[in-house]
Each structure stands twice: as structure tokens, then as C-alpha cells.
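The sequence shown begins at 25 in the numbering used here and counts up by one. Every residue, glycine too, gets a C-beta built ideally from N, C-alpha and C.
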Amino acid sequence: MTLYGVGLGPGDSDLVTVRGREVLQDADVVYSPGRLSRTVAIEHVPEDRIGDLDFPMTKDPDELRRAWKEAAAEIAPRAREGTAAFVTLGDPNVYSTFGHLRRTLAAFHDDVDLEIVPGVSAVTAFTTALGVEIDAGAGLSLREAANGASPTGPNRMVLFKVTDAPATHEGLVEAGYDVTYGRRLYMEQGETLVTDDPSDIAERDYYTLAYAEKRGLTTDRATDAFLESTERSEGIEHGDPVMGDD
Ligand SMILES: C[S@@+](CC[C@H](N)C(=O)[O-])C[C@H]1O[C@@H](n2cnc3c(N)ncnc32)[C@H](O)[C@@H]1O
25 MTLYGVGLGP GDSDLVTVRG REVLQDADVV YSPGRLSRTV AIEHVPEDRI
75 GDLDFPMTKD PDELRRAWKE AAAEIAPRAR EGTAAFVTLG DPNVYSTFGH
125 LRRTLAAFHD DVDLEIVPGV SAVTAFTTAL GVEIDAGAGL SLREAANGAS
175 PTGPNRMVLF KVTDAPATHE GLVEAGYDVT YGRRLYMEQG ETLVTDDPSD
225 IAERDYYTLA YAEKRGLTTD RATDAFLEST ERSEGIEHGD PVMGDD
């Protein structure tokens, strides 16, 4: 019948979408690519319906292809006979392992129907957790910053895979960025941390992202005028809600 690629969101089991949860509850078998996504999935699926897949920790393309061929060969018959799901943290189409599975199925098992259930990506989870607002009209770029890389160029970037924050930070500051880091945002496992000090997160943790914004960016928002007048008026507190319902 169908293989569903289900985005689980950033890691809190209650940030799985209603549709995602329904698919997981109805699936005959649910596969997960890693321990963390499995921990989230079993909040919604009995453990005996979690399928077994073995993924090597490798970047070797031959080994990766072999592993994905094996995974697809395990999953395809289950998806033909019934309903199968493959979960990923965040969204299945954002820097995700799901792409490897989709391509492998297309190449070797193209009769398997595929449907994707989007998830709350770390891209959007960060805006709330880090207290950053991407204004209407602003540009935002996604980049990877593994092993201390410091991609630069765009005015605002979300950097994934920040595994060496001090090194990444050095390059970004030199290129004129202010940076905030978020670790394990909305995750039940491990400690959630938001900081602009890279030494707080010097220890490697794969579930770390950064938001980098060019220093001195100006905004031209209609409601900025309220802040200016508030700053001029003594005795008025910042942050009082005007409309409080959304
Ligand atoms: C392979 S990507 C997966 C992205 C995922 N598909 C998504 O849409 O969020 C893994 C990277 O996403 C980021 N990430 C995912 N979930 C996160 C979370 N809850 N807190 C912080 N970073 C997270 C980290 O930078 C991590 O290295």
C-alpha cells in the first residue's frame, strides 16, 4: 500500500503533528533511522511495531549505498503488503536521511507508494526557542556548519550540525555576525540550552544549531514606531501584550 515518511518534530513527543500521530498509530510497522527518533516514535507506537534497521556510522558512499539498499529491501515488501512508516526528526525533507530512502526506493522498488507527513523542523523550532523573529521581507538561508565550518554571505542564516561551536564562532564573528546557539531545542532527551557563548557548548553535541545575523542590520517595520515611543515614555513597561491570543 504505502510508505509514509513522517516528520516527528524536534524531539518533544507532543510536537508530533496530529496527522503524523495518526499515521504512526495506524502503521503496521514503523522504522526509525536512529535512537533519538525511535525514543520519540515509541511514545506513539507500541514497541513491538517498531521495525529493525541497521545503519553504519559511515560517510563512505559505497557502504552508505549498501546500507540503504538493504534498508529499502526490508521496507519495500512491508509497504506493499500494508502500511509502513519511516520517521525522521524534524521534517523529512530538511537535511534528512529520508532522501536516501526515497531515492533508493525510486531506483529499486518504484512500485512502492510514498507519502510524506511534514514535521516541525528545527528551522522553525529555533525561532521560538532562540527568541528570534524573521520579519516579513527578511531573507533566511540554511547552511551546514559541521566540524568548525563557518559559512558566511547571507544576512541571516540557520546553521545545522554545529559540532565545533568555538571554531564556527570565530569565523562568524570575524565575518561580522552575531550568533546565538541552540542545543536540543524542544527535546525530551538531554539538556536544552540557548546561549550566545560558544564556550558553553564547546563539548560536541550533534543536536546543536546556530542562528547567525549580520551585525547592524536595520529593520523597517511599521510597529517599530511603538517601541520608539515606548522608549521615550517613562514608566511604561516593555513587553505588555496588546493582543494576546495567537
Ligand atoms: C540531519 S539534520 C536533521 C534536520 C531535521 N530533519 C529538521 O528538519 O530539523 C540534524 C541537525 O538538525 C539540527 N537539529 C535537529 N533537531 C534539533 C533540535 N531539537 N535542537 C537543535 N538542533 C536540532 C542539528 O543542527 C542537527 O545537527
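| Asked | Found |
| --- | --- |
| Whole-angstrom C-beta distance between Leu27 and Val156, which should lie under 8 Å | Val156 to Leu27, Cβ: 35 Å. No contact. |
| Beta carbon of Ala109 nearer than 8 Å to that of Val47 | yes |
| Which listed residue (Gly58, Asp134, Leu154) has its alpha carbon closest to that of Tyr235 | Leu154 |
| Near ligand 1: Leu138 beta-carbon under 7 Å from a heavy atom | no |
| Segment contact, 8 Å Cβ cut-off, at least three pairs: the region 66–75 with the region 237–256 | no |
| Buried versus exposed call for Arg208 [16 or more other C-beta atoms within 10 Å across all chains shown] | buried |
| Whole-angstrom distance between Gly195 and Asn171, CA atom to CA atom | 12 Å |
| Distance cut-off 7 Å: Tyr55 Cβ against heavy atoms of ligand 1 | no |
| Three-state secondary structure (DSSP) of Gly35 | coil |
| Gly123 beta carbon near ligand 1 (any heavy atom closer than 7 Å) | no |
| Exposure label - Met211; buried when at least 16 CB within 10 Å | buried |
| Secondary structure of Leu113, DSSP reduced to three states | coil |
| Sequence-distant residues of the same chain with beta carbon closer than 7 Å to Thr243, five excluded per side | Asp159 |
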